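Each residue of the sequence shown is one higher than the one before, counting from 22 in the working numbering.
Worksheet: one structure, shown below.
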Amino acid sequence: MTAPSAAAVARRLADELEAEGLPYAVGGALALGVWGVPRGTVDVDLDLFLDEAELPRGFAAIRRAGCEIDEASAIASACGRGDFRAFFEGMRVDVFVPCIPFYDAVRRRIRAAPLEGRLAWFLAPEDLAVFKMLFFRTKDILDLERLVAVSGSEIDRALVRASLVDIVGDEDARVRRWDALVVAAASRP
Numbered sequence: 022m023t024a025p026s027a028a029a030v031a032r033r034l035a036d037e038l039e040a041e042g043l044p045y046a047v048g049g050a051l052a053l054g055v056w057g058v059p060r061g062t063v064d065v066d067l068d069l070f071l072d073e074a075e076l077p078r079g080f081a082a083i084r085r086a087g088c089e090i091d092e093a094s095a096i097a098s099a100c101g102r103g104d105f106r107a108f109f110e111g112m113r114v115d116v117f118v119p120c121i122p123f124y125d126a127v128r129r130r131i132r133a134a135p136l137e138g139r140l141a142w143f144l145a146p147e148d149l150a151v152f153k154m155l156f157f158r159t160k161d162i163l164d165l166e167r168l169v170a171v172s173g174s175e176i177d178r179a180l181v182r183a184s185l186v187d188i189v190g191d192e193d194a195r196v197r198r199w200d201a202l203v204v205a206a207a208s209r210p
């Protein structure tokens with residue numbers, strides 16, 4: 022029997038979270054694929070819009086989806102870093118929880134898109150871009166170069182910049198890199 026795809030695991034998670042009425046959004050490479058830049062992935066990134074008191078309900082839904090989770094470690098990590106991990110048959114599921122005020126706006130902007138034949142909630146492309154710039158890894162920059170190149174005016178580049186400035190300040194290297202990325206995309210035919 023082959024291991025399930027990241028999309029299949031995300032679908033299971035979405036189904037359980039929706040059944041419980043818990044707000045979520047799929048992020049990472051799966052969201053990137055929805056917004057026009059598909060690439061392979063071996064994990065699931067999930068934003069779970071819950072406060073600390075609501076986390077046990079989220080953990081229960083994640084377990085019902087078939088994931089293993091160490092609740093004590095997850096609570097400590099969620100409260101300390103804003104994220105925690107679960108595992109589905111060895112596949113990592115990175116779960117991000119609100120840890121900065123930006124998450125309030127992110128939750129309002131989530132968008133429905135198809136996932137394994139049915140609608141699920143995804144991070145808006147602008148918020149995906151902000152999170153990728155906050156992580157600022159080489160693979161995130163490459164993802165964003167491709168996203169900005171294919172999205173044209175579909176992505177609100179000014180919103181991404183304003184959000185970054187609000188979070189890290191206008192002198193931060195991530196803001197300068199975003200500006201350079203936008204200029205480079207605009208200069209392409």
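Ideal Cβ placement from N, Cα and C applies to all residues, glycine included.
Predicted model only: the values in this text are computed from it and were never measured.
CB-CB length for residue i against residue j, believed under 8 Å
{"i": "S184", "j": "G57", "result": "Wrong, their Cβ atoms sit about 20 Å apart, outside the cutoff."}
{"i": "L34", "j": "V65", "result": "7 Å"}
{"i": "A27", "j": "M112", "result": "7 Å"}
Beta-carbon proximity of residue i to residue j, cut-off 7 Å
{"i": "F143", "j": "A150", "result": "no"}
{"i": "P44", "j": "F80", "result": "no"}
{"i": "A50", "j": "T62", "result": "yes"}
{"i": "L136", "j": "K153", "result": "no"}
{"i": "D161", "j": "F117", "result": "no"}
{"i": "I188", "j": "F123", "result": "yes"}
{"i": "F157", "j": "R195", "result": "yes"}
Whole-angstrom distance between residue j and residue i, CA atom to CA atom
{"i": "A86", "j": "S94", "result": "19 Å"}
{"i": "P119", "j": "F108", "result": "20 Å"}
{"i": "D115", "j": "A40", "result": "20 Å"}
{"i": "G103", "j": "A206", "result": "32 Å"}
{"i": "E89", "j": "V204", "result": "44 Å"}
{"i": "E218", "j": "L76", "result": "No answer is possible for residue 218: it lies beyond the span of the chain, which begins at 22 and ends at 210."}
{"i": "I96", "j": "A82", "result": "15 Å"}
{"i": "I198", "j": "T159", "result": "Note on identity: in this sequence residue 198 is Arg, with Ile being the wrong assignment. So the alpha carbons of these two residues sit roughly 12 Å apart."}
{"i": "D191", "j": "A24", "result": "44 Å"}
{"i": "R60", "j": "R129", "result": "26 Å"}
{"i": "R78", "j": "S208", "result": "48 Å"}
{"i": "I131", "j": "A145", "result": "5 Å"}
Sheet register partners of residue i (DSSP bridge)
{"i": "R113", "result": "D64 and F108"}
{"i": "F143", "result": "V47 and R132"}
{"i": "E89", "result": "F108"}
(message) Restricting to runs no shorter than 3 residues, where is the beta strand (DSSP E) found entirely within the stretch 28-71?
(response) Counting only runs of 3 or more, we get 45-47 and 64-69.
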